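S.K.: In the working numbering, the protein residues as written are 381 to 559. Okay, handing you the structure first.
Now the structure itself:
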């Protein structure tokens, strides 16, 4: 689970940990699933720390910057040491804005650095995460790789314009994962 320290990612971690061990057996390698919570500062997130105290070894925290190739390789190695197969990978990491970056409302507001930063996380990170974890997804077991996109990434559904970097990066994510 990426983007695990806030929003949808944190809620998904909570739900996965609360599921009774007898449910959704097709996604569980054995009795109780281990959840790997991935975020830039997962080990500093108080909600994740509290869940880890409650669930012990069922929750593993990974401090990982998904835009860093070395960090992705390290994540793949760490997860691979703890399990031989993944049943579910859910990427909820993404960026619309930050303290230094706001969605563009006009073409005059587009900046190359902002485009690159948003594409790095929203488009490139999901496909590179899939590449990194592919050895743990291969095999005869049932598995799913899912990445949260956005309706505004639809070219056909773009009636309002604006949000150039976010819309384009989500459309790119959709195409990369579909391909």
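Idealized CB from N, CA, C, for every residue including glycine. Here the structure is a predicted model, which is why all the values come from computation and not from measurement.
Let me know if residue 550 comes out buried or exposed under the rule of 16 or more other beta-carbons within 10 Å of its beta-carbon.
M.R.: buried
S.K.: Starting from the C-beta of residue 384, find all residues in its chain whose C-beta is less than 7 angstroms away, skip the five residues before and the five after it, and write them out in chain order.
M.R.: So the list reads 390, 393, 417, 418, 419, 422 and 428, once near-sequence residues are dropped.
S.K.: What span of residues does the beta strand (DSSP E) with residue 439 cover, start to end?
M.R.: Taken as a continuous stretch (DSSP letters only), the beta strand (DSSP E) holding residue 439 covers 439-443.
S.K.: Does the beta-carbon of residue 527 have 16 or more other beta-carbons within 10 angstroms, so that it is buried, or is it exposed?
M.R.: By the Cβ neighbour-count rule, residue 527 is buried, with 16 or more other Cβ atoms within 10 Å of its own.
S.K.: How many Å lie between residue 464 and residue 524 at the Cα?
M.R.: C-alpha separation (whole angstroms): 15 angstroms.
S.K.: Would you check if the distance between the CB atom of residue 505 and the CB atom of residue 446 is smaller than 7 angstroms?
M.R.: yes
S.K.: Along the chain, which unbroken stretches of the alpha helix (DSSP H) at least 4 residues long are found entirely within the segment 487-526?
M.R.: Taking only runs of at least 4 residues, the alpha helix (DSSP H) segments lying wholly in the segment 487-526 are 492-499 and 505-517.
S.K.: Applying the criterion that 16 or more other CB atoms from any shown protein chain within 10 Å of the CB defines a buried residue, is residue 437 buried or exposed?
M.R.: Per the 10 Å Cβ criterion, exposed.
S.K.: Measure from the alpha carbon of residue 554 to the alpha carbon of each residue in 451, 503, 461 and 397, then state which is nearest.
M.R.: 503
S.K.: For residue 535, which residues of its own chain have a beta-carbon under 8 angstroms away from its beta-carbon, when the five flanking residues on both sides are left out?
M.R.: The residues are 551.
S.K.: Do three or more CB pairs link the segment 539-548 to the segment 491-498 at distances below 8 angstroms?
M.R.: yes
S.K.: How close, in whole Å, do the beta carbons of residue 509 and residue 452 come, if the pair is a contact with beta carbons under 8 angstroms?
M.R.: That belief holds up - the Cβ atoms of residue 509 and residue 452 are roughly 7 angstroms apart, short of 8 angstroms.
S.K.: For the segment 426-488, which segments carrying the alpha helix (DSSP H) assignment without a break, of at least 4 residues, lie completely within its bounds, in sequence order?
M.R.: 426-435 and 449-462
S.K.: Within this structure, are the beta carbons of residue 382 and residue 530 separated by less than 7 angstroms?
M.R.: no
S.K.: Under three-state DSSP, which class holds residue 419?
M.R.: strand
S.K.: Grab me the residues of residue 481's own chain with a C-beta within less than 6 angstroms of its C-beta, minus the 5 sequence neighbours each way, in chain order.
M.R.: Excluding sequence neighbours, residue 481 sits near 494.
S.K.: Taking its Cβ as the centre, do 16 or more other Cβ atoms sit within 10 Å of residue 444, making it buried, or is it exposed?
M.R.: buried
S.K.: Can you list, in chain order, the residues of its chain whose CB lies under 6 angstroms from that of residue 407, leaving out five sequence neighbours each side?
M.R.: Below a pLDDT of 50, predicted positions are generally treated as unreliable, and residue 407, at 47, falls in that range; the measurement from the model is reported next regardless. The answer, listed in chain order, is 467 and 468.
S.K.: What's the call for residue 432, buried or exposed, on a 16-neighbour Cβ count within 10 Å?
M.R.: Buried, by the Cβ-count rule.
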